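What follows is a short report on a single structure.
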Amino acid sequence: MLMDVLAALWDGAFGSAAAFWSATLVRATPLMLVGLAVAVAFRAGVVNIGAEGQLVLGAIAATAVAQWLGAAPGIITIPAMALGGMAAGAAWAGIAAWLRRRSGVLEVISTLLLNFIALALLSWVVRGPLQEPTGIYPQSSTIAAGAHWPFLLEGQRLHLGFAFGLSLAAASWYWLAHTASGFRVRVAGAGARAAASAGGVDVARTTFGVFLISGACAGLAGASEVGGVTWALYEGISPGYGYTAIAVALLARLDPRWVVVSAIFFGALEAGAAAMQRDAGVPAVLVQVFVALVILGVLAGTQLRDWRREQRLVARAEAA
Amino acid sequence: MMELLLVPFMEAAVRTATPLAFAALGELVAERSGVINLGLEGAIIAGCLGALVAAGLGGPLLGFVGGLAAGAGITAVFAYFVISLRTDQILAGTAVTMLGLGLTGAIYRGLYGSGGAGLVLSTIAPIAIPGLSAIPLVGPALFRQTVPTYALYLMVPLIAWWLRNTHAGLALRATGEHHEAAEAAGIAPRRVRWGALLFAGALGGLCGATLVLAQVGTFSEGMSAGRGFIAIAIVVLGRWSAFGTALAALGFGAAFALQYLFQALGWSLPYQLFIALPYVLTLALLALLRGRATAPAGLGS
Numbered sequence: 055m056l057m058d059v060l061a062a063l064w065d066g067a068f069g070s071a072a073a074f075w076s077a078t079l080v081r082a083t084p085l086m087l088v089g090l091a092v093a094v095a096f097r098a099g100v101v102n103i104g105a106e107g108q109l110v111l112g113a114i115a116a117t118a119v120a121q122w123l124g125a126a127p128g129i130i131t132i133p134a135m136a137l138g139g140m141a142a143g144a145a146w147a148g149i150a151a152w153l154r155r156r157s158g159v160l161e162v163i164s165t166l167l168l169n170f171i172a173l174a175l176l177s178w179v180v181r182g183p184l185q186e187p188t189g190i191y192p193q194s195s196t197i198a199a200g201a202h203w204p205f206l207l208e209g210q211r212l213h214l215g216f217a218f219g220l221s222l223a224a225a226s227w228y229w230l231a232h233t234a235s236g237f238r239v240r241v242a243g244a245g246a247r248a249a250a251s252a253g254g255v256d257v258a259r260t261t262f263g264v265f266l267i268s269g270a271c272a273g274l275a276g277a278s279e280v281g282g283v284t285w286a287l288y289e290g291i292s293p294g295y296g297y298t299a300i301a302v303a304l305l306a307r308l309d310p311r312w313v314v315v316s317a318i319f320f321g322a323l324e325a326g327a328a329a330m331q332r333d334a335g336v337p338a339v340l341v342q343v344f345v346a347l348v349i350l351g352v353l354a355g356t357q358l359r360d361w362r363r364e365q366r367l368v369a370r371a372e373a374a
Numbered sequence: 049m050m051e052l053l054l055v056p057f058m059e060a061a062v063r064t065a066t067p068l069a070f071a072a073l074g075e076l077v078a079e080r081s082g083v084i085n086l087g088l089e090g091a092i093i094a095g096c097l098g099a100l101v102a103a104g105l106g107g108p109l110l111g112f113v114g115g116l117a118a119g120a121g122i123t124a125v126f127a128y129f130v131i132s133l134r135t136d137q138i139l140a141g142t143a144v145t146m147l148g149l150g151l152t153g154a155i156y157r158g159l160y161g162s163g164g165a166g167l168v169l170s171t172i173a174p175i176a177i178p179g180l181s182a183i184p185l186v187g188p189a190l191f192r193q194t195v196p197t198y199a200l201y202l203m204v205p206l207i208a209w210w211l212r213n214t215h216a217g218l219a220l221r222a223t224g225e226h227h228e229a230a231e232a233a234g235i236a237p238r239r240v241r242w243g244a245l246l247f248a249g250a251l252g253g254l255c256g257a258t259l260v261l262a263q264v265g266t267f268s269e270g271m272s273a274g275r276g277f278i279a280i281a282i283v284v285l286g287r288w289s290a291f292g293t294a295l296a297a298l299g300f301g302a303a304f305a306l307q308y309l310f311q312a313l314g315w316s317l318p319y320q321l322f323i324a325l326p327y328v329l330t331l332a333l334l335a336l337l338r339g340r341a342t343a344p345a346g347l348g349s
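So the sequences go chain by chain: A and B. Residue numbers for the first sequence follow this note's numbering, so the first one is 55 and each next one is one higher. Residue numbers for the second sequence follow this note's numbering, so the first one is 49 and each next one is one higher.
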């Protein structure tokens with residue numbers, strides 16, 4: 055029984071070229087983009103758990119842009135969708151960033167509340183301004199063929215969004231590790247008071263900027279789902295990618311390079327779980343349980359490691 | 049005419065506020081001990097399923113017990129992580145919420161199948177308090193409700209009194225303000241927080257049980273619908289006091305109930321506006337209140 059389930063999981067994720075290139079990596083794409091959004095924010099000490107809402111706003115904006123440009127050539131439509139999605143995600147995150155900076159509202163609470171508002175907004179636009187012309191289904195009409203994001207491989211569903219994810223991972227790694235502004239982000243995250251007094255870092259300004267960048271990454275994930283996968287907007291556009299992304303980022307230890315690996319791992323899990331539900335009758339909601347266990351496991355593991363290091367230091371101090 | 053519209057609106061407001069107030073009072077106690085419990089949403093959904101299963105076995109009373117136990121049980125996982133392992137509260141809470149949402153979905157499907165023909169119970173009936181329920185306007189709203197609402201009326205002053213006047217309440221607040229100082233004064237902060245979190249979890253479970261047993265009569269995946277997060281916001285709006293929290297919960301109940309009022313008035317606004325309204329109001333109020341002067345000083349540490 056268990057072997058059947060695991061076999062279905064494995065087959066769904068890696069069992070064939072199609073499983074890997076058209077299921078696993080396609081699901082890894084939004085997870086990578088949103089995982090980067092979360093990782094970058096957490097590095098700066100910004101607890102953005104509103105990536106889900108920022109993704110939704112990105113999807114709405116990208117759909118609106120694609121509908122508005124209609125049959126314009128892809129060379130115009132596709133970048134416009136990406137930029138529109140990023141701007142909308144950044145603006146949505148900007149509300150929480152502004153509330154934190156101006157009124158001291160905890161971003162944990164504000165971003166969660168904004169997630170619910172985003173879902174209500176989505177529910178309205180697919181029945182209102184963006185609904186398909188017959189007005190029967192709660193979804194937008196399909197975007198023009200020119201606005202479909204190009205596939206990267208012949209005959210597979212892997213699309214441009216994945217390339218965006220890889221480039222953004224490389225860029226944000228370089229930024230955090232090798233630039234002065236990336237350094238400011240890291241010190242702001244490590245200890246706001248010390249960063250301000252000893253490092254002369256304007257922490258409020260730095261975290262505000264990171265918040266917007268984080269929102270833009272999540273918004274791009276929404277645009278990429280519409281442009282590369284669904285080609286239309288509907289209510290279930292994200293099955294909780296924004297929440298899974300927290301596990302993606304934590305498992306990667308907030309390192310953009312490892313976010314790529316961790317996103318592919320969770321992408322495989324999601325792809326496998328869909329197959330598992332189909333072939334072995336095991337509910338896919340169990341993936342959520344697994345995601346939760348990964349987060350708890352990483353938290354416990356990190357804590358144990360810190361304790362051991364502490365004990366080693368104490369032992370060394372006592373020996374000396 | 050006005051009364052015909054207002055009475056159902058106010059009744060709905062109190063009914064909707066009841067489960068929210070339970071969850072928020074639990075969160076209040078947790079936060080006064082210095083822990084922000086983002087796993088509350090998980091406790092609520094666990095309470096929903098626990099109540100349904102237990103009530104199916106042995107009636108509504110056992111149902112409430114099942115809800116309380118399920119909420120406290122899943123919150124014990126959270127408490128172990130943040131108190132015993134001292135991990136980050138926000139992340140552990142998020143994980144416990146995901147755990148609750150995922151586990152309940154899987155268990156419900158396992159027990160009742162995914163066809164949707166799950167277990168449906170008849171909800172407990174409202175009880176009109178003689179005399180009081182005859183007061184014009186507010187009478188039916190406040191005194192023609194189900195048992196959990198009446199339990200709430202007792203609980204709010206009790207928690208307020210307990211926090212202010214008992215030794216245990218003082219120990220709880222001291223732990224939340226400055227746990228090292230509390231420890232120096234002979235208080236065991238870990239034990240205090242364990243107690244506070246188990247209580248918070250049980251009340252989260254009670255929120256879920258009330259939803260299922262007094263309002264909906266069945267379970268659906270994700271039916272907690274963000275109430276745990278709203279409850280956290282309610283505590284902030286209630287300025288970390290029991291009466292303030294109850295009042296803020298009532299405000300939320302009213303915001304949710306507005307949709308019935310508007311429907312009755314025949315105004316055709318998109319219903320999503322009403323879904324979003326409570327969240328928008330919270331954000332606006334949080335922004336206006338500014339600062340966190342009344343938050344427990346040690347919250348989150």
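In this text, a Cβ means the ideal position worked out from N, Cα and C, and glycines have one as well. Being a predicted model, the structure only gives us computed values, none of them experimental.
Shorter than 8 Å from the beta carbon of residue i to some beta carbon of chain A?
i, result
"B/Thr330", "yes"
"B/Phe291", "no"
"B/Gln320", "yes"
"B/Arg157", "yes"
"B/Tyr308", "no"
Alpha carbon to alpha carbon, how far is residue i from residue j?
i, j, result
"A/Phe218", "A/Ala224", "10 Å"
"A/Thr131", "B/Pro188", "58 Å"
"B/Val195", "B/Arg63", "11 Å"
"A/Ala98", "A/Asp309", "12 Å"
"B/Val240", "B/Leu317", "48 Å"
"A/Gly215", "A/Ile318", "14 Å"
"A/Ala61", "A/Ala334", "9 Å"
"A/Arg363", "A/Gly245", "20 Å"
"A/Glu289", "B/Arg275", "20 Å"
"B/Asp136", "B/Val130", "7 Å"
"A/Leu323", "A/Met57", "16 Å"
"A/Gly281", "A/Leu87", "14 Å"
"A/Glu186", "B/Gly217", "58 Å"
"A/Arg370", "A/Tyr228", "35 Å"
"B/Pro237", "A/Val159", "27 Å"
"A/Val241", "A/Gly254", "10 Å"
"A/Ala52", "A/Thr196", "The shown model of chain A, from 55 to 374, leaves out residue 52 of chain A, and the question about it has no answer."
"B/Pro184", "B/Leu52", "11 Å"
"A/Val239", "A/Leu230", "7 Å"
"A/Val80", "B/Ala127", "37 Å"
"B/Leu331", "A/Leu167", "7 Å"
Looking at residue j and residue i, is the spacing between their C-beta atoms short of 8 Å?
i, j, result
"A/Val101", "B/Ile138", "yes"
"B/Ala71", "B/Ile93", "no"
"B/Leu329", "B/Ala345", "no"
"B/Ala99", "B/Gly256", "yes"
"B/Ile282", "A/Ile163", "no"
"A/Pro84", "A/Ser278", "yes"
"B/Gly224", "B/Leu347", "yes"
"A/Gln210", "A/Ala72", "yes"
"B/Leu147", "B/Gly90", "yes"
"B/Ile122", "B/Val144", "yes"
"B/Pro174", "B/Arg157", "no"
"A/Val313", "A/Ala303", "yes"
Establish whether the CB of residue i and some CB of chain B are separated by less than 8 Å.
i, result
"A/Trp146", "no"
"A/Val25", "Chain A is shown from 55 up to 374; residue 25 of chain A falls before or after that span and cannot be answered."
"A/Ser157", "yes"
Residues bridged to residue i by DSSP?
i, result
"A/His232", "Partner(s): none; A/His232 has no beta bridge."
"B/Arg192", "B/Ala176"
"A/Gln193", "A/Tyr288"
"B/His215", "None, per the DSSP bridge assignment."
"A/Phe205", "A/His213"
Near residue i, which residues of its chain fall below 7 Å by C-beta distance, leaving aside the five closest residues on each side in sequence?
i, result
"B/Tyr308", "Pro56, Phe57, Ala60"
Among the residues of its own chain, which have a CB less than 8 Å from the CB of residue i, if the five just before and after it don't count?
i, result
"A/Leu266", "Ala144, Ala147, Gly148, Ala151"
Considering only residues of the same chain and omitting the five flanking positions on each side of residue i, which have a CB-CB separation below 6 Å?
i, result
"A/Ala91", "Ala105, Ser268, Cys271, Ala272"
"B/Leu109", "none"
"B/Val77", "Ala244, Phe247, Ala248"
"A/Ala82", "Ala317, Ile318, Gly321"
"A/Ser76", "Gln210, Arg211"
Given the structure, does residue i come close to the ligand NAD, in the sense that its CB is under 7 Å from one of the ligand's heavy atoms?
i, result
"B/Ala305", "Of the ligands one can find in the structure shown there are none, so the ligand NAD has no counterpart to examine."
With 8 Å set as the bound, which would you pick, yes or no: does the beta-carbon of residue i sit closer than that to a beta-carbon of chain C?
i, result
"B/Gly150", "Although the question refers to chain C, the structure presented lacks it and instead comprises the protein chains A and B."
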